[in-house]
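Going by my numbering, the sequence shown opens with residue 1, and the numbers climb by one from there.
Just so you know, even glycine gets a beta-carbon here, dropped at the ideal spot from N, CA and C.
As the structure is a computational prediction, the values presented were derived from the model and not from experiment.
Written below as structure tokens is the structure these notes are about.
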Amino acid sequence: MSVLSKAYMYDEAAAFAHVEAMLWPQGPVCPHCGNSERIYVLAGVRSKASRKHPEGIERHGLKKCGMCRKQFTVRIGTIFEESHVALHLWLQAIHLMCSSKKGISSNQLHRTLGVTLKTAWFMSHRIREAMRDDTLGTFGNRGGVVEVDETFIGREPGKEVKRGVGHKMKVLTLVDRTTGKAKSVVVDDLKIKTLLPILKANIAAEATVYTDEAMQYDNLRDHFAAHESVNHGAEEYVRGGVTTNTVEGYFSIFKRGMKGVYQHCGKKHLHRYAAEFAFRYSNRVANGPTDTVRAGLALNGVVGKRLLYRDSLGA
């Protein structure tokens, strides 16, 4: 059966039940006081009447805490909080973003979901926040190999377009060969004093690091178990097992999505797009997850990452 025909994709009550099962596997938890013992279900409650909805709208998933006496739903404390978009539409949007290898534009979401373009754009950014991975120090654990490289895209705000890549935005990416996971960080420059703290925070000290011949990587052997490089300038792309072809393969997907689907991105938003592509790559079919599993992983990341519209405009 197609995942799009599952009840939680079109029925609001089923959508709440699905999200509750994912986020509350041990049962409801009050987001106000943390109580999980005395929780009451408030069935049949409707919102206030309005011109558009004279009889109000049924408040699915509404519960009341027996300790602090406050009402809540599973939306509170997640990217769904205070959203007027139906929860089943959120689940459709998450599935579409997780199952599209190179992403899906806000215009396409706007047409597919029947929401405004502004709403679709904001939903996209909230879902990217859910995809963001803030864990540190996991790359190259137990002596694994980590490929490191940088790519250039778009234009730095306020910089004049010149020959070369100095005017472009810069993205540093790590790929762990053992786990197949990727992580991208938007950086202001490629100086070693900028890159080294990022590398040390994300890569285990016992790891082996592979890079190209860029000068900023010359002294990485002082900080990690080993460092090897290939000289692209001399047309050396593979030397034994030493290569950066894996991370460059990641860049091919990232750039095709950014240029072909999203087409333009300001620097203030680039970190979220980078998180989106890294999430899909890290949880691609080759690593095990199907589209449905990948959407479930994104859903598990919605807690504690609420993004306000005013913040999304300038951060």
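Just the Cα atoms here: how many angstroms apart are Val187 and Lys200?
-> 15 Å
The region 265-284 contacting the region 95-110, beta-carbon criterion three pairs below 8 Å = yes
Please state if the CB of His18 and the CB of Phe72 are separated by a distance shorter than 8 Å.
-> no
With a cut-off of 8 Å on the beta carbons, I'd call Tyr262 and Gly103 a contact; round off their distance for me.
-> 6 Å
Note down, in chain order, each residue of its chain lying with its Cβ closer than 8 Å to the Cβ of Lys267, except the 5 sequence neighbours on either side.
-> Gly154, Glu156, Pro157, Met169, Val186
According to DSSP, which residues form a beta bridge with Ala93?
-> Partner(s): none; Ala93 has no beta bridge.
Express the C-alpha separation of Gly304 and Ser47 in angstroms, rounding to a whole number.
-> 26 Å
Under the rule that 16 or more other beta-carbon atoms within 10 Å means buried, what is Asn287, buried or exposed?
-> exposed
Contact check, Ala43 vs Val302 under 8 Å by CB: the rounded distance?
-> Actually they are not in contact, since the Cβ atoms of Ala43 and Val302 sit about 24 Å apart, beyond 8 Å.
Leaving aside the five residues before and after Val146 along the sequence, list all residues of the same chain whose C-beta is less than 6 Å from its C-beta, in chain order.
-> Phe139, Gly140, Leu174, Asp176, Ile203, Ala207, Val209
Span of the beta strand (DSSP E), counted from its first residue to its last, around Glu150 = 145-153
Closest by C-alpha distance to Ser83, when choosing among His269, Thr246, Gln26, Lys118 = Lys118
Tell me whether Gln92 is buried or exposed, calling it buried when 16 or more other Cβ atoms sit within 10 Å of its Cβ.
-> buried
Can you check DSSP and say which residues form a bridge with Thr173?
-> Asp149, Ser184
Could you have a look at Ile104 and say whether DSSP puts it in helix, strand or coil?
-> coil
Residue from Lys259, Ser124, Asn245, His227 whose Cα sits closest to the Cα of Ala275 = Ser124
Going by the CB atoms, is the gap between Arg306 and Thr78 shorter than 8 Å?
-> yes
Enumerate, from N- to C-terminal direction, the unbroken beta strand (DSSP E) stretches of 3 or more residues contained entirely within the region 32-86.
-> 39-41, 63-65
Going by beta carbon distance, what residues of the same chain come within less than 7 Å of Tyr10, once the five residues before and after it are set aside?
-> His88
Is Val74 near Leu23, with beta carbons less than 8 Å apart?
-> yes
Would you kindly check if the distance between the Cβ of Val247 and the Cβ of Tyr237 is under 8 Å?
-> no
Compare the C-alpha of Ala86 against each of Cys65, Ser2, Gly61, Arg69 and name the closest.
-> Gly61
Closer than 8 Å by C-beta to Phe16: which residues in its own chain qualify, once you throw out the five before and the five after it? Chain order, please.
-> His60, Gly61, Thr73, Val74, Leu87
Would you give the residue range spanned by the alpha helix (DSSP H) that Tyr10 belongs to?
-> Neither: Tyr10 is in no alpha helix (DSSP H) and is coded neither H nor E.
Please list, in chain order, all residues of the same chain as Ala295 whose beta carbon is under 6 Å from its beta carbon, the five residues on each side excluded.
-> Ile94, His95, Cys98
My understanding is that Leu190 touches Glu150, with C-beta atoms under 8 Å, so please give their C-beta distance in whole angstroms.
-> 6 Å
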